[in-house]
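Chains as they are written, first to last, in the numbering used here: chain A, 1 to 628; chain B, 1001 to 1628. A short write-up of the structure that comes next.
2 protein chains.
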Amino acid sequence: MGKILRVELTRGRISEEPLTDEYAKNYIGGVGTASRILYDEVPPWVGALDPQNRLIFSTGPVTGSPALCAGRHFIVSKSPLSGYFGDSSAGGFWGAELKFAGYDMIIIHGKAQKPVYIWIHDGEVEIKDATSYWGMGARQADRAIRNDLGDKSVRVADIGQAGENLVRYAAIMSDEASRAAGRCGVGAVMGYKNVKAIAVRGHKKVPVADEEALEKNGKRLLETLKGDTQTNWFSKHGSSGYYAMMAQLGDTPTLNWTKGYFDGKNGITSPGGYDKISVGHATCYNCPIACRRLVTVKDEPYAFEPEVEGPEYETVGALGSNCGISNVKALAKANDLCNIYGLDTISAGGTLAFAMECYERGLISKEDTDGMELRFGNGLAVIRMLEKTAKREGFGNILAEGSRRASLIIGRGTEHYAMHVKGLEIAMHDPRAFQAMGLTYATAPVGGDHMEGETTFVEKPGKITYAPLKLNGLDRFSTERKAEAAFKVQNLWHAIGNAMGYCLLACATGTTAYPLKYNLMFYNAVTGQTMHFEEMMKIGERIYNLKRAFTIKHGATRGEDSLPERILMESHAEGGSKGSVCKLGEMIPEYYKLRGWDQNTGKPTREKLEELNLPNVATDLLGHKKSK
Amino acid sequence: MGKILRVELTRGRISEEPLTDEYAKNYIGGVGTASRILYDEVPPWVGALDPQNRLIFSTGPVTGSPALCAGRHFIVSKSPLSGYFGDSSAGGFWGAELKFAGYDMIIIHGKAQKPVYIWIHDGEVEIKDATSYWGMGARQADRAIRNDLGDKSVRVADIGQAGENLVRYAAIMSDEASRAAGRCGVGAVMGYKNVKAIAVRGHKKVPVADEEALEKNGKRLLETLKGDTQTNWFSKHGSSGYYAMMAQLGDTPTLNWTKGYFDGKNGITSPGGYDKISVGHATCYNCPIACRRLVTVKDEPYAFEPEVEGPEYETVGALGSNCGISNVKALAKANDLCNIYGLDTISAGGTLAFAMECYERGLISKEDTDGMELRFGNGLAVIRMLEKTAKREGFGNILAEGSRRASLIIGRGTEHYAMHVKGLEIAMHDPRAFQAMGLTYATAPVGGDHMEGETTFVEKPGKITYAPLKLNGLDRFSTERKAEAAFKVQNLWHAIGNAMGYCLLACATGTTAYPLKYNLMFYNAVTGQTMHFEEMMKIGERIYNLKRAFTIKHGATRGEDSLPERILMESHAEGGSKGSVCKLGEMIPEYYKLRGWDQNTGKPTREKLEELNLPNVATDLLGHKKSK
């Protein structure tokens, strides 16, 4: 759409600026362009919960176009969880609607004195009073705002009580709280700024340079997808169905990462476990796969509103196996509460599992937990603690700080059980089952997140669909070529998914028949460019290094490129990853070398930054060039 | 007293730990020891307004002993104004009383869920409810707490409304709001943590190793001081009386630093200006000089409670000449409001003067200022704006962010008029009148503060009393030997004043007859050590580098070692510093060399850090040592 919307909340000023070609050329869009803006506008002296922090909503060039599976939006900010670079993304329809309303991106700064929401409709922008929505859950507020605006087609991104109460892993929900931009605490930033919601509605069309090519290739891809077993499997079972497969590989964190698989009989971690509560499917913008599943639970104590969003893969792990919850209804209820309160299920589950292990080990007691028996598998305790966390009541006030800070508050050696990297609770793949995942978690600018480049798709047994990456034949337990795998997958994901705006599950995971070449084809058709694979990967590398530079500039050291000791030292006694530990130390030197990062400081070298056309970043990180 | 008190507010846990010999040996005490603790316990990912930030109240080894002028306490925290190292100090009686109560230091972390105060009495510690005091001014709360505790001898350090409302330059007041630890926003950290006050009372005695030596030398010094002209001058005129002298040198920032002196006739900036409101003197702990002056104003609109603390030197500059206020009553009222609300007068004045210049230049209008005519010299506007700032009402909500952030919120090129270094409003000596002051402001870990080592005392004309420094014969307008002057004075101040606990005005300014040797003599008598001058200076250097390392680690770059353009480029048209600019660029390379800091990055080199026995700091800042 060529336009950035800037909203300064302290004084209530709204302005527009062009989305320059410079941005598009060097960073594509999405997280890429937003990274550049965050890097330029948020220096280290600005804290995450500080009016000067930026909250950037961004879309990719394909978002909202007729390209398939191009419905994602991205949220970028300094993270209240890590203190470093933070990003999060979601599918659904909000991103596309933002573009129809006329903008590619919204940069929010300052802090409103009272709760507000931003209403963007066909190029018009208003900052409106949100006092009456404050205190509502994300779903309720979404409905109330759309109702008050008198247009059911409005799309809303909002926070629940968790964001309002500055829970450090609060999410920004959208589409009636069905989609979550969960990671890195972006919802707390929104809550701090007193922004309850951003409502968007528009009738503009995303301009497409070559409609014919887009249509022709789109049809061809649709045909391919129709007959594809993998795609159909995904349509049927959804991302959560995938969990049982990965459990066989010992990849699924269980009981706070003490095990690699979960034997919850007939629970949600089993292939058919989901079926008994599943009542239908849902889709994101322009996606033929429709991997989303709707669920219903009618019986107490886990009943909730009929036909709401069911738990996705990461949630099944984080709130399911990792907390020892096998009851599919308890898990679905926990997921629903996270959606309503606006909580990241990964960090919520990671923090709860941490507390559960502390409880089981006697490091905390009922005296600490407001009288609750916080043992693994206690579904009612999970439900109750999520509520207390979102409201910052009692022990929930400590859990609201995330596992790293909670362990520091509690003390007593509990730091050992906080499973995070750089403050971000680690996502649901175990590096003991996939070596390169450990490399990604340990070195990622945002901390322990799978969206930085999930290597399981190239490490797992069987044929992979990533032909241009030339990564066939990897052994998931070996460290061989894993630096290369992490390097390539991270760059790829940052170009295709996080910058262009495609759904990574649909098109960059190798699990479907949506081959890589279509992403570029669609991108070129939409933008009128003729970008090639190597160029695209270079841009991915640039974005990744810029994010890394932000994190380094904001204080991260070489020593923080690590994993919890448990993953490095304790192997599983059974299951598909039995006997393995993550050999991070072996991989890092090779990885740094490939990345052009200094072995002793972990900083990108001047040569690498100059090669990537980031000379000012080099000065920031390394000082002025030494004169002869 | 050998004891550190640790208060974790989130869970309400209180513990004690020993003040180790290691700390005493390497850092003496005061800011020194607190810097080490802050460096170790607050990593860059912790924001200033973050439960994990520490608020450290510290005393020096001589604080509360019979050594003369040894009544200071120090407050150290990550600063909400700069985002870097923050410290602040105050005289009075609170620090001595803390020691009588049994502690050298208090480390506060976490965040209480409701307002509390900490009550420390003879080794007993309680966290008590402070709900009823929340919303009170600092003076009122101090009185109410002492009244409720039923002991008028209790000493209280507390915050006013500014700290409660997280004004970024909120102070921590003490002794019925008569003394201010103003700089770096430590009051906002206290407010964020929901701590209204720390009340102390005790009957312990500070142990003295050699009472005889202390008494003998104390008597000798007292005799010397009695007959000393400079000391008597200070007793009579106080620090504010000194202002008129410095104005003659063109050293006194006026109208937001556009002039170096102020011709407010008969106002407070003139030698006798103070007399008409002065009604008496006050003293700090064990000080024979008693430079504090009590004032009374009975007539509206500037009336206030009789016999309260009058404005000190920095306040006369910041809220007086720099805001164009010559009316002594308006200034005294503004000072009284800052004490009640708990606002740093330097940053409050600096931020107001910034806004006034913006108003005069038409960059902001009545529309921005809630209808107020915010011109230089408008005393009523100053009074009103201080109130609005403390309460974060209207335009006060923007001023509450400090000049740097306010300029970024307002935009329109107003950044040029924000007179700060690293976010901290610059104190009231003009580097155009004293070159080395520019060096200190530009490179100081905390930003533009005079307490980092005020070089005016060695740069100003006439004989100086700093014999061991070997700095006689400096020319204040020349850059010659100014790197050396800044280097030595900073180290000296960090050892004697900020670590040992002496009043810098009394004993390290060269303005009195309290010669340097007495500081060491008293220190050795109290602690039983035999420290020599060189050793003391080395510790000062260690402390200074550790503070610097914190600031660097938290994101400061070489480029931030600078001054506002105005000081570098615009010379005064008249007055005692006419025609001069600060030649910072000439001095920095020499200064970095003396300090052992890298010319391109401004970081302390590995060699320097190892020489100072700070090897782990070297690893933090520079990565692991390269292997051969």
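A virtual CB, placed ideally from N, CA and C, is assigned to each residue, including glycine. The model shown is predicted, which means the values in this text are computed figures rather than measured ones.
Can you name, in chain order, every residue of its own chain whose Cβ lies under 8 Å from the Cβ of K111 of chain A, other than the five neighbours on each side?
L9, T10, P51, Y192, K193 and N194
Any idea if N1256 of chain B is buried or exposed, counting beta-carbon neighbours within 10 angstroms, 16 or more meaning buried?
buried
Kindly confirm or deny that the stretch 1545-1554 of chain B and the stretch 1590-1606 of chain B touch, where touching means at least three C-beta pairs closer than 8 Å.
yes
Could you check which residue in B:L1005, B:W1233 and B:K1553 has the C-alpha nearest to that of I1127 of chain B?
Of the candidates B:L1005, B:W1233 and B:K1553, the one whose C-alpha sits nearest the C-alpha of I1127 of chain B is B:L1005.
Enumerate in chain order the residues of its own chain whose CB-to-CB distance from R972 of chain B is below 8 Å, with the five nearest sequence positions on each side excluded.
Since the first and last residues shown for chain B are 1001 and 1628, residue 972 of chain B lies out of range.
Assigned exposure category for L222 of chain A - 16 Cβ within 10 Å defines buried:
Exposed, by the Cβ-count rule.
For T1601 of chain B, decide whether its Cβ has a neighbour in chain A, counting only Cβ atoms nearer than 8 Å.
yes
Should S1403 of chain B be flagged as near chain A, meaning a C-beta pair shorter than 8 Å?
no
Neighbour-count burial assignment, E1097 of chain B, 16 or more Cβ in a 10 Å radius:
buried
Contact under 8 Å by Cβ, N339 of chain A with A197 of chain A
For the 8 Å CB-CB criterion, N339 of chain A and A197 of chain A do not form a contact.
Please state whether the Cβ-Cβ distance between E1486 of chain B and Y1591 of chain B is less than 8 Å.
Per the sequence presented here, residue 1486 of chain B reads as Ala, with Glu not at that position. The answer is yes: Cβ separation under 8 Å.
Determine the contact status of H1109 of chain B and S1089 of chain B, defining contact as a CB-CB distance below 8 Å.
It is not a contact, given that the beta carbons lie outside the stated cut-off.
Simplified DSSP assignment, three categories, for H420 of chain A
Secondary structure of H420 of chain A (DSSP, three-state): strand.
Residues of chain B with a CB under 8 Å from the CB of N397 of chain A: which are they?
T1010 and Q1113
Whole-angstrom distance between R1404 of chain B and M1190 of chain B, CA atom to CA atom
22 Å
Listed by chain order, chain B residues near K626 of chain A by CB distance under 7 Å
In chain order: N1600.
Within-8 Å CB hit, G1564 of chain B to chain A:
Per the sequence shown, the amino acid found at residue 1564 of chain B is Pro instead of Gly. Output row for P1564 of chain B: interface = no.
For a contact defined as C-beta to C-beta under 8 Å, what are the partners of Q435 of chain A on chain B?
Neighbours of Q435 of chain A in chain B, taken as residues at a C-beta separation under 8 Å, are lacking, since the least C-beta distance is about 23 Å.
Could you tell me which of B:A1330, B:D1151, B:R1143 and B:C1184 sits nearest to D1175 of chain B, measuring between CA atoms?
Proximity to D1175 of chain B across B:A1330, B:D1151, B:R1143 and B:C1184 peaks at B:R1143, based on C-alpha coordinates.
Alpha carbon to alpha carbon, what distance is there between S321 of chain A and M246 of chain A?
12 Å
Who pairs with K3 of chain A in a beta bridge, going by DSSP?
Note: K3 of chain A sits in a beta bridge opposite A:P18.
In this structure, what does DSSP give as the bridge partners for E1425 of chain B?
B:H1420
Which residues in chain A have a C-beta closer than 7 Å to the C-beta of T1557 of chain B? List them in chain order.
The answer, in chain order, is D620.
Helix, strand or coil at R606 of chain A [DSSP, three-state]
Assigned with DSSP and collapsed to three states, R606 of chain A falls in helix.
Under a three-way DSSP split, which group does A1444 of chain B fall into?
Three-state result, A1444 of chain B: coil.
Who are the Cβ neighbours of S580 of chain A in its own chain at under 6 Å, not counting the five residues just before and after it?
R432, F477 and S571
Should the stretch 43-62 of chain A be called in touch with the stretch 120-134 of chain A, which here means at least 3 C-beta pairs below 8 Å?
Taking a cut-off of 8 Å for Cβ pairs, the stretch 43-62 of chain A and the stretch 120-134 of chain A do not touch, as fewer than three such pairs fall below it.
N-terminal and C-terminal residue of the alpha helix (DSSP H) that I1383 of chain B is part of
G1379 to K1391
Expressed to the nearest angstrom, what Euclidean distance is found between the alpha-carbon atoms of A67 of chain A and A282 of chain A?
19 Å
Inter-residue Cα distance where the pair is G411 of chain A and S132 of chain A:
40 Å
May I ask you to report which of helix, strand or coil DSSP gives G453 of chain A?
coil
For G1423 of chain B and G1555 of chain B, the rounded distance between their alpha carbons:
13 Å
Measure the CB-CB distance between F1354 of chain B and A1418 of chain B and report whether it falls below 8 Å.
yes
Would you mind listing the alpha helix (DSSP H) stretches within the stretch 1291-1369 of chain B that are 4+ residues and don't spill past its ends, in chain order?
Correct list: 1328-1341 and 1345-1360.
If C1284 of chain B sits next to G1071 of chain B, beta carbons under 8 Å apart, how far is it from one beta carbon to the other, in whole angstroms?
4 Å
Mind pulling the chain B residues with CB within less than 8 Å of D449 of chain A?
Within 8 Å Cβ-Cβ: nothing; D449 of chain A doesn't reach chain B, min ~16 Å.
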